[in-house]
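Taking it in order: structure first as structure tokens, then the write-up.
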Amino acid sequence: MKPNVLDVSGLTKHFTLGGGLFGRKKGVVQAVSDVSFSVAGGETLAIVGESGCGKSTTGRALLRLLEPTSGSVKLDGEEVTGLSPGRLQALRRNMQMVFQDPFGSLNPRMTVRETLMEPLLLHNVATGKRAHEATARLLETVGLAAHHADRYPHEFSGGQRQRICIARAIATRPRLIVCDEPVSALDVSVQAQVVNLLQDLQREFGMAYVFISHDLSVVRHIADRVAVMYLGRVVEEAPAAQLFADPRHPYTRALIEAAPRPVPGLRIAAEPPKGEAPSALNPGPGCAFAPRCPLATDLCRTTRPALEPAGAAGRVACHHSETAAGLSVAEAPPQSPQLAARLAVMARARAAQASGTPA
Amino acid sequence: MTATPLLDVRDLAIEFKTEGGAVRAVDGVSFSVDRGKTIGIVGESGCGKSVTSLGIMGLIPTPPGRYAGGEVLFEGRDLLKMSAQERRGLRGGRMGMVFQEPMTSLNPVYTIGAQIIECLKAHGMRNAREARDRAVELLDLVRLPSPSSRVDDYPHQLSGGQRQRVMIALALANNPDLLIADEPTTALDVTIQAQILDLMRDLSDRTGAAIMLITHDLGVVAETCDDVVVMYAGKVVERAPAKDLFDGPMHPYTLGLMAAVPRLDTDADRLETIPGAVPPPWAMPAGCRFASRCPLATDQCRQSPPPLREIATNRLVACWRAPIEEIAA
Numbered sequence: 000m001k002p003n004v005l006d007v008s009g010l011t012k013h014f015t016l017g018g019g020l021f022g023r024k025k026g027v028v029q030a031v032s033d034v035s036f037s038v039a040g041g042e043t044l045a046i047v048g049e050s051g052c053g054k055s056t057t058g059r060a061l062l063r064l065l066e067p068t069s070g071s072v073k074l075d076g077e078e079v080t081g082l083s084p085g086r087l088q089a090l091r092r093n094m095q096m097v098f099q100d101p102f103g104s105l106n107p108r109m110t111v112r113e114t115l116m117e118p119l120l121l122h123n124v125a126t127g128k129r130a131h132e133a134t135a136r137l138l139e140t141v142g143l144a145a146h147h148a149d150r151y152p153h154e155f156s157g158g159q160r161q162r163i164c165i166a167r168a169i170a171t172r173p174r175l176i177v178c179d180e181p182v183s184a185l186d187v188s189v190q191a192q193v194v195n196l197l198q199d200l201q202r203e204f205g206m207a208y209v210f211i212s213h214d215l216s217v218v219r220h221i222a223d224r225v226a227v228m229y230l231g232r233v234v235e236e237a238p239a240a241q242l243f244a245d246p247r248h249p250y251t252r253a254l255i256e257a258a259p260r261p262v263p264g265l266r267i268a269a270e271p272p273k274g275e276a277p278s279a280l281n282p283g284p285g286c287a288f289a290p291r292c293p294l295a296t297d298l299c300r301t302t303r304p305a306l307e308p309a310g311a312a313g314r315v316a317c318h319h320s321e322t323a324a325g326l327s328v329a330e331a332p333p334q335s336p337q338l339a340a341r342l343a344v345m346a347r348a349r350a351a352q353a354s355g356t357p358a
Numbered sequence: 000m001t002a003t004p005l006l007d008v009r010d011l012a013i014e015f016k017t018e019g020g021a022v023r024a025v026d027g028v029s030f031s032v033d034r035g036k037t038i039g040i041v042g043e044s045g046c047g048k049s050v051t052s053l054g055i056m057g058l059i060p061t062p063p064g065r066y067a068g069g070e071v072l073f074e075g076r077d078l079l080k081m082s083a084q085e086r087r088g089l090r091g092g093r094m095g096m097v098f099q100e101p102m103t104s105l106n107p108v109y110t111i112g113a114q115i116i117e118c119l120k121a122h123g124m125r126n127a128r129e130a131r132d133r134a135v136e137l138l139d140l141v142r143l144p145s146p147s148s149r150v151d152d153y154p155h156q157l158s159g160g161q162r163q164r165v166m167i168a169l170a171l172a173n174n175p176d177l178l179i180a181d182e183p184t185t186a187l188d189v190t191i192q193a194q195i196l197d198l199m200r201d202l203s204d205r206t207g208a209a210i211m212l213i214t215h216d217l218g219v220v221a222e223t224c225d226d227v228v229v230m231y232a233g234k235v236v237e238r239a240p241a242k243d244l245f246d247g248p249m250h251p252y253t254l255g256l257m258a259a260v261p262r263l264d265t266d267a268d269r270l271e272t273i274p275g276a277v278p279p280p281w282a283m284p285a286g287c288r289f290a291s292r293c294p295l296a297t298d299q300c301r302q303s304p305p306p307l308r309e310i311a312t313n314r315l316v317a318c319w320r321a322p323i324e325e326i327a328a
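Residue numbers (numbering that gives the first Met the number 0), protein chains in the order written: chain L, 0 to 358; chain E, 0 to 328.
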């Protein structure tokens with residue numbers, strides 16, 4: 000078994016509202032509460048959930064872009080929380096981030112070369128001529144060309160910019176990359192290119208990914224393991240195949256059923272959960288999902304369920320996970336033969352094109 | 000069928016003036032929608048789907064925009080030939096609109112009730128009491144919890160999903176015959192998206208309104224639409240009933256899109272991609288606009304644009320190579 004790159008235990012991030020010099024404290028937003036997980040080298044852990052569930056806050060707290068309120072984050076066994084600023088910066092060489100918005104996360108006044116050189120010089124990975132060569136190599140690694148180095152971000156499309164962000168993240172050969180919704184702003188065909196690139200890079204360099212996303216189908220494709228968050232807590236965690244085949248938490252099930260699928264008439268029967276997530280300002284004593292849950296009982300409303308082992312290799316926080324496991328998930332019909340035949344023609348033509356012979 | 004369709008778009012073309020000359024964002028788009036039906040317009044960013052919907056509503060700013068041809072027939076009358084005042088009477092009345100951004104399409108300084116009442120009054124309702132009752136009724140229709148008290152809420156007091164419900168209530172205020180929804184659920188979470196899509200389906204069943212849904216999400220189309228128009232680089236490349244389209248897409252671009260969507264039910268090792276990118280609008284190729292990304296492209300494809308032709312009953316496709324299963328292995 001590979002040693003863990005990342006070990007997180009009891010990670011908590013609360014934001015105080017109000018306060019200020021003379022203000023009164025108005026309350027505490029419990030953005031992330033008691034989150035624990037670990038990620039092995041070369042593994043992808045996906046964190047999924049809806050807006051406000053704390054998945055991005057978790058990602059930022061891992062890198063200490065936000066200071067955690069309590070809990071422990073270990074990168075290769077070294078405690079990240081409580082490190083001095085100097086040591087933290089050195090450690091950032093091993094943990095990098097890719098953000099959702101490729102338009103906002105690149106400095107518009109810096110050329111691509113300057114953007115990519117910055118981490119190289121800052122962490123003494125390469126200097127002078129070697130740094131320039133490294134920049135060119137990085138661009139080629141992410142599917143751009145060396146001559147792109149002297150251009151500015153506005154000259155690139157969204158997908159290309161995200162490639163630049165990825166090049167910047169892998170420049171220092173980190174052990175861990177936190178990807179916060181890296182493909183959500185991209186078109187479907189471009190999204191597929193970037194997802195493939197992330198997977199290729201992981202195979203080549205063996206980095207661990209924490210992949211934060213709201214899109215279950217992308218997660219299903221890229222993740223080895225999946226943690227589902229609801230209102231600041233992990234409600235279920237399992238290997239991807241197990242989670243999608245046998246979801247134990249009613250919320251996980253609801254998420255899977257609500258995801259639109261390109262199969263007409265498949266989901267019409269399923270009833271989406273009613274209502275919306277309660278406020279993180281005052282989550283109450285019981286299970287946070289209870290007000291929307293079809294299985295909720297009085298026990299759920301008064302006692303918060305603990306995260307306990309479930310299934311072959313998962314954990315779930317639900318008083319009724321056995322009942323939830325019994326329900327079936329709507330299955331998609333197999334691909335129509337017509338569609339399969341046409342896709343095969345396309346695939347053959349592409350292969351012929353790639354090998355240089357006309358179709 | 001002899002009845003005139005509710006909306007009949009014929010050969011619509013819209014241009015924008017830019018520094019580099021006129022750019023044709025929508026080029027010869029045709030489709031029609033019948034009462035009670037839902038039509039989906041799908042495509043990726045820049046394919047012209049939003050410009051098409053704005054064009055139909057007469058909301059293209061001119062200049063820099065310009066209608067460069069075609070007709071938009073609403074019950075047989077050409078919207079493009081109406082006066083601005085006549086068009087304004089239709090919008091918000093018989094033609095409702097829902098936009099993507101529920102955060103910015105509501106006025107933050109008025110209560111949601113006031114905004115719905117304004118819309119009712121603009122279209123002829125005189126009695127204030129009656130208008131307020133109707134506003135509450137509409138909020139109840141879109142299943143906003145406790146509508147009689149929330150009618151006095153300001154937009155910032157509502158969540159994203161609730162604001163989108165208010166937008167739909169606004170669009171439905173005057174019992175429209177046509178509801179145009181431009182990415183209505185894109186900014187929302189999946190469970191909320193499912194609620195909103197359910198709501199739209201239900202409303203169209205009950206009121207008989209036609210819906211035109213603009214989206215980039217094939218999953219949303221599969222769940223809601225009767226017919227689908229696929230657009231690429233300002234042109235319609237394929238048009239078909241939804242079931243047929245998903246069972247057997249004809250155009251290589253549609254096929255590429257379907258293969259690129261990761262699936263929940265299967266775990267392919269690698270996602271299919273469409274290599275390359277959409278040609279920029281100022282450098283459109285002479286032939287098929289997808290040719291440079293298409294593995295099946297021939298010299299004919301590169302030289303002359305394929306017309307949208309009916310290849311089977313109700314199946315229209317703009318591709319010289321279709322049906323592609325006849326291409327020898």
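In this text, a Cβ means the ideal position worked out from N, Cα and C, and glycines have one as well.
Tell me whether Arg76 of chain E sits in a helix, a strand or coil according to DSSP, three-state version.
Looking up residue 76 of chain E in the second sequence gives position 77. Arg76 of chain E: strand per DSSP, three-state reduction.
Does any residue of chain E have a CB that is nearer than 9 Å to the CB of Ile255 of chain L?
Translated into positions along the first sequence, residue 255 of chain L becomes position 256. Interface residue, yes.
In terms of alpha-carbon separation, which member of E:Ile213, E:Val165, E:Ser158, E:Val150 lies closest to Asp181 of chain E?
For this step, residue 181 of chain E is matched to residue 182 along the second sequence. Answer by Cα proximity: E:Ile213.
Go through its chain and collect everything with a Cβ distance to Gly42 of chain E's Cβ below 8 Å, but skip five positions before and after it.
In the second sequence, counting from the first residue as 1, residue 42 of chain E sits at position 43. These residues qualify, in order along the chain: Lys48, His215, Val229, Met230, Tyr231.
Could you list the residues in the stretch 209-225 of chain L with a C-beta less than 9 Å from some C-beta on chain E, going in chain order?
For the stretch 209-225 of chain L, which is checked against every Cβ of chain E, the residues closer than 9 Å are His213, Asp214, Leu215, Ser216, Val217, Val218, Arg219, His220, Ile221.
If you reduce the DSSP assignment to three classes, tell me which class Pro308 of chain L lands in.
Position 309 of the first sequence, counted from the first residue, corresponds to residue 308 of chain L. In this structure, Pro308 of chain L counts as strand in the three-state DSSP scheme.
Does any residue of chain L have a CB that is nearer than 9 Å to the CB of Ala2 of chain E?
As a position in the second sequence, residue 2 of chain E is number 3, starting the count at 1. False, the Cβ-Cβ gap to chain L never drops below 9 Å.
Would you say Leu64 of chain L and Val79 of chain L are within 9 Å of each other, going by their C-beta atoms?
For the purposes of this step, residue 64 of chain L is identified with residue 65 of the first sequence, where counting begins at 1. For the purposes of this step, residue 79 of chain L is identified with residue 80 of the first sequence, where counting begins at 1. No, these two residues do not count as a Cβ contact at 9 Å.
Label Pro62 of chain E either buried or exposed according to how many other C-beta atoms from any shown protein chain fall within 10 Å of its C-beta, with 16 as the threshold for buried.
One-based indexing of the second sequence puts residue 62 of chain E at position 63. Exposed.
DSSP on Ser104 of chain E, reduced to helix/strand/coil?
Within the second sequence, residue 104 of chain E is the residue found at index 105, counting from 1. In this structure, Ser104 of chain E counts as coil in the three-state DSSP scheme.
Do the CB positions of Leu171 of chain E and Leu178 of chain E come within less than 9 Å of each other?
For this step, residue 171 of chain E is matched to residue 172 along the second sequence. For this step, residue 178 of chain E is matched to residue 179 along the second sequence. A contact, by the Cβ cut-off of 9 Å.
In three-state DSSP terms, what is Phe210 of chain L?
Position 211 of the first sequence holds residue 210 of chain L. It is a strand residue.
In the structure shown, what three-state DSSP assignment does Ser132 of chain E receive?
For the purposes of this step, residue 132 of chain E is identified with residue 133 of the second sequence, where counting begins at 1. Note on residue identity: the sequence assigns Asp, not Ser, to residue 132 of chain E. Of the three classes helix, strand and coil, the one that applies to Asp132 of chain E here is helix, per DSSP.
Check whether chain L comes within 9 Å of Ser201 of chain E, counting only Cβ atoms and requiring the distance to be less than that.
Stepping through the second sequence from its first residue, residue 201 of chain E is reached at position 202. First, the amino acid is wrong: residue 201 of chain E is Asp here, not Ser. No, its Cβ sits nowhere closer than 9 Å to a Cβ of chain L.
Between Ala321 of chain E and the rest of its own chain, which residues show a CB-CB distance below 8 Å, the 5 nearest in sequence each way excluded?
Counting from 1 along the second sequence, the entry for residue 321 of chain E is found at position 322. The answer, listed in chain order, is Met249, His250, Ile310.
Candidates E:Leu89, E:Arg125, E:Cys300, E:Met199: which alpha carbon is nearest Val141 of chain E's?
By 1-based counting over the second sequence, the position of residue 141 of chain E is 142. If we check each option's Cα against that of Val141 of chain E, E:Met199 comes out closest.
Measuring only the C-alpha atoms, how far is Ser104 of chain L from Gln161 of chain L?
The residue labelled residue 104 of chain L in the question sits at position 105 within the first sequence. The residue labelled residue 161 of chain L in the question sits at position 162 within the first sequence. Their Cα atoms are separated by approximately 9 Å.
Considering only the beta carbon of each residue, do Leu175 of chain L and Gln99 of chain L sit closer than 9 Å?
As a working note, residue 175 of chain L is residue 176 in the first sequence. As a working note, residue 99 of chain L is residue 100 in the first sequence. Not closer than 9 Å, so no.
From the DSSP output, in three-state form, read off Glu139 of chain L for me.
In the first sequence, the residue the question calls residue 139 of chain L occupies position 140. Helix, per DSSP.
Might you give, ordered along the chain, the residues of its own chain that have their beta carbon closer than 7 Å to the beta carbon of Ala309 of chain L, omitting 5 neighbours on each side?
Counting from one through the first sequence, the residue named residue 309 of chain L turns up at place 310. Here the set comprises Arg247, Val315, Ser320.
Once DSSP output is grouped into helix, strand and coil, what is the label at Ser188 of chain L?
Working through the first sequence from its first residue, we reach residue 188 of chain L at position 189. Three-state result, Ser188 of chain L: helix.
If you follow the beta strand (DSSP E) that Ser145 of chain E is part of, which residue opens it and which one closes it?
Start at 1 with the first residue of the second sequence, and residue 145 of chain E comes out as number 146. No beta strand (DSSP E) holds Ser145 of chain E; DSSP gives it neither H nor E.
Can you grab the Cα-Cα spacing for the pair Glu139 of chain L / Leu53 of chain E, in whole Å?
The residue labelled residue 139 of chain L in the question sits at position 140 within the first sequence. The residue labelled residue 53 of chain E in the question sits at position 54 within the second sequence. When rounded, the distance between both Cα atoms is 41 Å.
Return the Cβ separation of Ile13 of chain E and Ala67 of chain E in integer angstroms, given the expectation that the two are a contact with Cβ distance under 8 Å.
One-based indexing of the second sequence puts residue 13 of chain E at position 14. One-based indexing of the second sequence puts residue 67 of chain E at position 68. Confirmed, Cβ separation roughly 6 Å.
In whole angstroms, give me the CA-to-CA distance for Ile273 of chain E and Ala259 of chain E.
Here residue 273 of chain E refers to the residue found at position 274 when the second sequence is read from its first residue. Here residue 259 of chain E refers to the residue found at position 260 when the second sequence is read from its first residue. Distance between the alpha carbons of Ile273 of chain E and Ala259 of chain E: 8 Å.
Could you name the residues of the same chain whose beta carbon sits closer than 8 Å to that of Ile165 of chain L, not counting the 5 residues immediately before and after it, in chain order?
On the first sequence, position 166 is the one that residue 165 of chain L refers to. Result list for Ile165 of chain L: Val97, Val141, Pro181, Val193, Leu196, Leu197, Leu200, in chain order.
If you measure between the beta carbons of Ala191 of chain L and Phe210 of chain L, is that distance less than 9 Å?
The count along the first sequence starts at 1 and reaches residue 191 of chain L at position 192. The count along the first sequence starts at 1 and reaches residue 210 of chain L at position 211. Cβ atoms of Ala191 of chain L and Phe210 of chain L: not closer than 9 Å.
Spatial neighbours of Glu70 of chain E within its chain, please: CB distance less than 6 Å, with the 5 preceding and 5 following residues excluded, ordered by chain position.
As a working note, residue 70 of chain E is residue 71 in the second sequence. Taken in chain order, the residues that qualify are Arg9, Asp77.
Buried or exposed: where does Pro281 of chain E fall if 16 or more other Cβ atoms within 10 Å of its Cβ makes it buried?
Residue 281 of chain E sits at position 282 when you count from the first residue of the second sequence. In the sequence as presented, Pro is not what sits at residue 281 of chain E; that position holds Trp. Label assigned to Trp281 of chain E: exposed.
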